[in-house]
Amino acid sequence: SWDECHLFLAKLNETGPGTYRLPTEAEWEYACRAGTSNRFYFGNSLGCPDGCEDCEADTLVIGGKEGVLEVEFIKPKTPPKIGLPTQYYRKDFMWYCLNSDFKTHSARQKIPNGFGLYDMLGNCDEWVLDGFNGDYVGAPNDGSAWETPGSDRRVLRGGHYQGTAGFLRSASRDSEEKNIRTNVSGFRVVWTPPPL
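Next comes the structure, spelled out in structure tokens:
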């Protein structure tokens, strides 16, 4: 749960210099996109039409020809698996409903994004600091967390292993009551170093 994340972070903050916390929603999305403005940090398409639950074409094609969807591909810093010089598969980037066996997996098994961050999409939803708002009207524009006085709903980002690949976009978001624990949620920490 979001509450349990904060109990863990309080203990972690007792261990040394600097401060550990959850990322804000804006920080999380910036980290996920890794300097891109694409739907996914690896490009704009999954190789199937938007809105499909999933399709049999599991390949992202670089380049294209008539009848083949062109994809802008962001090359990761880590080389892909040998033997795939011109194509990559969704399963190389994220755990989702068709490749996860409906369970979480250890980190660093997929290709990282351009910032070298692993598992930003899929595997498990990640709690962020922000309270949930239905849209971004009135959201802070400085990257700080958006508080929601009187509400216990908190934002989850990144999607999870039960989700379809099309839902696991950089901008996708979900919410849950902050005291609810699920088998599809987790968290990522931000460390702020102490002042010099």
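The numbers in my numbering rise by one with no breaks, and the one at position 172 of the sequence shown is 727. No residue lacks a Cβ here, since even glycine has one placed at the ideal position from N, Cα and C.
How close, in whole Å, do the beta carbons of residue i and residue j come, if the pair is a contact with beta carbons under 8 Å?
i: ARG594; j: ARG724; result: 5 Å
i: GLY714; j: LEU672; result: Not confirmed; about 15 Å, so no contact.
i: GLU582; j: GLY698; result: 6 Å
i: ARG709; j: SER730; result: 7 Å
i: ASN668; j: TYR596; result: 4 Å
i: GLY573; j: PRO749; result: 5 Å
i: ILE735; j: SER556; result: 6 Å
Distance, Cα to Cα, residue i vs residue j?
i: ASP558; j: LYS733; result: 6 Å
i: ALA700; j: ASN688; result: 11 Å
i: ARG663; j: VAL745; result: 18 Å
i: CYS679; j: LYS658; result: 9 Å
i: PRO578; j: CYS560; result: 12 Å
i: MET649; j: ASP674; result: 6 Å
i: CYS587; j: LEU684; result: 16 Å
i: ASP656; j: ASN696; result: 39 Å
i: ARG645; j: LEU751; result: 43 Å
i: CYS652; j: PHE722; result: 11 Å
Quick one: what does DSSP say residue i is sitting in, helix, strand or coil?
i: ARG645; result: helix
i: GLU625; result: Because GLU625 sits at a pLDDT of 39, beneath the cut-off of 50, its placement in the model cannot be relied upon, and the point is left open.
i: TYR651; result: coil
i: TRP682; result: strand
i: LEU676; result: coil
Just mark residue i as buried or exposed, buried being the case when its beta carbon has 16 or more other beta carbons within 10 Å.
i: GLY598; result: buried
i: GLY693; result: exposed
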